[in-house]
Amino acid sequence: MMQGYKNVERVKPSGLELVDRLVGVQRVTKVTKGGRAFGFSAIVVVGDGNGVVGHGLGKSKDVSSAIAKAVEDAKKNLVRIPILDGTLPHEQKGKFGGAKVFIKPASAGTGVIAGGAVRAVLESVGVHDVLSKSQGSSNPHNAVKATFDALLQLRSAAAIAKQRGVSLEKVFNG
Numbered sequence: 001m002m003q004g005y006k007n008v009e010r011v012k013p014s015g016l017e018l019v020d021r022l023v024g025v026q027r028v029t030k031v032t033k034g035g036r037a038f039g040f041s042a043i044v045v046v047g048d049g050n051g052v053v054g055h056g057l058g059k060s061k062d063v064s065s066a067i068a069k070a071v072e073d074a075k076k077n078l079v080r081i082p083i084l085d086g087t088l089p090h091e092q093k094g095k096f097g098g099a100k101v102f103i104k105p106a107s108a109g110t111g112v113i114a115g116g117a118v119r120a121v122l123e124s125v126g127v128h129d130v131l132s133k134s135q136g137s138s139n140p141h142n143a144v145k146a147t148f149d150a151l152l153q154l155r156s157a158a159a160i161a162k163q164r165g166v167s168l169e170k171v172f173n174g
């Protein structure tokens, strides 16, 4: 999922204090001639609360091993997200499948105004003040991926100045 983004900084999980958050567990049924076979799929978000976050999906016949597999998958997909004073550098839209997510920076003391899956991702990143709106599908898998789409498009002012080859003041003042 990280291929189409320009400024994605991948992070190794070693040395980080990662906290995992369970976003959702689904029971999946497969009907066979011997009856029904139940399985579980779990989606998990891990983050250090300081700009590093990843998500993962795990599938298994029992819930605990599905969650463990999801955590391992999430640790393989860690990325760094730019955070500015506990909020985002700018507003951004993200889309994945039928889910659309809009995230917007907020003033200090606002808190995380987000629902379910989007909240789990934003809190794992370490954003304390943000406004968000989830539109379209409420499927937690697609909502998490749409939130990641929005977060991976975020760029800090320093990154923009470096890319353009100008000073930081010139980025703001023109």
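So in the UniProt record's numbering, spot 82 of the sequence shown is number 82, and the numbers just go up one at a time.
Ideal Cβ positions, reconstructed from N, Cα and C, are used throughout, including at glycine.
> Can you list, in chain order, the stretches of the alpha helix (DSSP H) that have 4 or more residues and sit fully within the segment 54–114?
Replying inline: 63–76
> Considering L131, what are the terminal residues of the beta strand (DSSP E) in which it resides?
Replying inline: V130 to G136
>> By the DSSP assignment, the beta strand (DSSP E) with residue 177 in it spans what residues?
In response: In this structure the chain extends from 1 to 174, so residue 177 is not present and cannot be described.
>> Suppose the cutoff is 6 Å on Cβ atoms and the five residues either side in sequence are ignored; what does the same chain contact list for G47 look like?
In response: V53, S124 and V125
> Do you know how far the Cα of V8 is from the Cα of K76?
Replying inline: 14 Å
> Given N50, which residues of its chain have a CB within under 8 Å of its CB, disregarding the five upstream and five downstream residues?
Replying inline: I83 and G126
>> Only counting the same chain, and skipping five residues up and downstream in sequence, which positions put a Cβ closer than 7 Å to that of I81?
In response: G51, V53, V125, L151 and L154
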